[in-house]
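As numbered in this note's numbering, residues 1 to 175 make up the sequence shown, in order. Here's the structure we're looking at; comments come further down.
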Amino acid sequence: MKYLLYICDVIDTVNEWTGRVCCFLLPIITATAIGEVILRYVFNRPTVWVWEVNKQISAVLIILGLGYVLRRGSHVTVDIFVIRLSRKRRAVVDCITSPIFFLGIGVLTFQAIKESIHSVKMKEMWSTALMESPVYPLKLIITTGLILFLAQGWVKLVRDLTIVFGIESSTKRKH
């Protein structure tokens, strides 16, 4: 049990730091968007790359933030059904519904891994009218983010099970 909890703490730490590092992407997105608007409407000199780059940075921010947000318990939930349940009963409900999470994210992760491998092998490039840049780094980041999300889902299940079986004293979640 001790090693299992250690692995949970490692996954928590990785997702925590990933989220903290990725939060610095938001000011970059904001600054480039503001700069583009100023260039476009004040100086009549629009760029051709800002919106493409911002879409890619936004994808990185969102996908790498999934595990962080799950770790923090900040995903949107339908609390109306469980708000009056005790902590233990809510953990039971979360354990019962967790296969839905693992099936959906598991299939998505599996597909992302396949797509990433294929993209790296062929050195896939974006072929838009605006710019041509490699796709495979973004696909690898998406795969990494999904793996971190899946791992954090596993941590949540382990912690819910410790609550259900009454062994939670040593598994209190640190924020």
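Cβ coordinates follow ideal geometry from the N, Cα and C atoms, glycine included.
When secondary structure is reduced to three states using DSSP, Pro-134 falls in the strand class. Taken in chain order, the complete alpha helix (DSSP H) segments of 4 or more residues contained in the region 34–104 are 50–72. In this structure Thr-162 is buried. Its beta-carbon is surrounded by 16 or more other beta-carbon atoms within 10 angstroms. The C-alpha of Leu-26 is placed about 25 Å away from the C-alpha of Phe-43. Fewer than three Cβ pairs drawn from the region 140–160 and the region 78–86 lie within less than 8 Å of each other, which leaves the two stretches out of contact.
In the structure shown, the three-state DSSP call for Met-1 is coil.
When the beta-carbon positions are compared, Met-125 and Pro-137 stay at least 8 Å from each other. With a cutoff of 8 Å on beta-carbon distance, Leu-64 and Thr-97 are scored as not near each other. Partner residues in the beta bridge of Met-125, as assigned by DSSP, are Pro-134. Contact between Cys-22 and Leu-61 holds: their C-beta atoms lie close to 5 Å from each other, under 8 Å. Contact between Val-48 and Leu-148 does not hold, since the beta-carbon distance rounds to 33 Å and is not under 8 Å. The beta carbon of Phe-101 lies closer than 8 Å to those of Gly-153 in the same chain, with the five residues before and after it left out.
DSSP places Gly-106 in the helix class (H, G or I) of the three-state scheme.
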